[in-house]
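Take a look at the structure below.
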């Protein structure tokens, strides 16, 4: 049974960027644990929720029918009370509320873990930036991140349909996520042999 006590998370911890928020949303959705995130992106030049972060909030809200308080641009506080994870076909647009090249890959990373443990397959379409500053490019997810997850038993199929660059994005990625019962542990102690640069 999920712990229903509200967990308070300080978003200014460490680098004080968006990763604390995305990880909090992902784990809250997966574990069914309500969270309150305060001081969101406090250490950034423009703190609070930007379009990319708001899209991640709305994406997690959609896949688990969460009750949310504070989901608006520039908000530095968010309450997220998740429900049950629902598989399905989903489309999110980072630039929906405002022209933005926010990273589509980071939205995918936020919902990926919970959807791996849904009851059935999910198909995602995410519109936004695919290659933008301060974010992993979509090609990194496709060629590095998802193949590593594949070694742990995850079956994901990602396609970059259209490139999206700063400042307006306009890119699109799709991803099919098949559920797993559990992740297979892996050790990555050997860095392997460099083949070429």
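In this note's numbering, the protein residues as written are 27 to 223. Beta carbons: idealized from backbone N, C-alpha and C, even for Gly.
Okay, do the stretch 50-60 and the stretch 114-123 touch, 3+ Cβ pairs below 8 Å being the bar? no
Taking the alpha helix (DSSP H) that residue 86 falls in, what are its first and last residues? 77-90
For residue 210 versus residue 178, is the C-beta distance shorter than 7 Å? Against a cut-off of 7 Å, the Cβ pair of residue 178 and residue 210 comes out as a contact.
Report yes if the CB atom of residue 226 is closer than 7 Å to the CB atom of residue 35, and no otherwise. Residue 226 cannot be examined here, being either before or after the span of the chain that is shown, 27 to 223.
Residue 175 versus residue 167 - alpha carbon distance: 10 Å
Boundaries of the alpha helix (DSSP H) in which residue 137 is found, first to last residue: 130-142
Who pairs with residue 45 in a beta bridge, going by DSSP? Residue 45 is not bridged to any residue.
Can you tell which of 33, 32, 47 has its C-alpha closest to the C-alpha of residue 39? 47
Candidates 108, 90, 76, of which the one nearest residue 98 by Cα: 76
Could you spell out where the alpha helix (DSSP H) holding residue 175 opens and where it closes? 172-177
Would you mind sorting residue 160 into buried or exposed? The rule is 16 or more other CB atoms within 10 Å of its CB. exposed
Outcome for residue 32 when other beta-carbon atoms lying within 10 angstroms are tallied against a minimum of 16: exposed
Who are the near neighbours of residue 96 in its chain, counting only those whose CB is closer than 7 Å to its CB and skipping five residues on each side? 103, 104, 105
Mind checking which residues open and close the beta strand (DSSP E) that includes residue 119? 115-119
Please state the DSSP three-state secondary structure of residue 224. A question about residue 224 goes unanswered here, because the residues of the chain that appear run from 27 up to 223.
What's the call for residue 172, buried or exposed, on a 16-neighbour Cβ count within 10 Å? buried
In whole angstroms, give me the CA-to-CA distance for residue 115 and residue 189. 21 Å
Would a C-beta distance cut-off of 7 Å place residue 82 and residue 133 closer than the cut-off? yes
Taking the C-alpha atoms as reference points, what is the distance between residue 92 and residue 108? 4 Å
Taking a contact to mean a Cβ-Cβ separation below 7 Å, would you say residue 127 touches residue 60 in this structure? no
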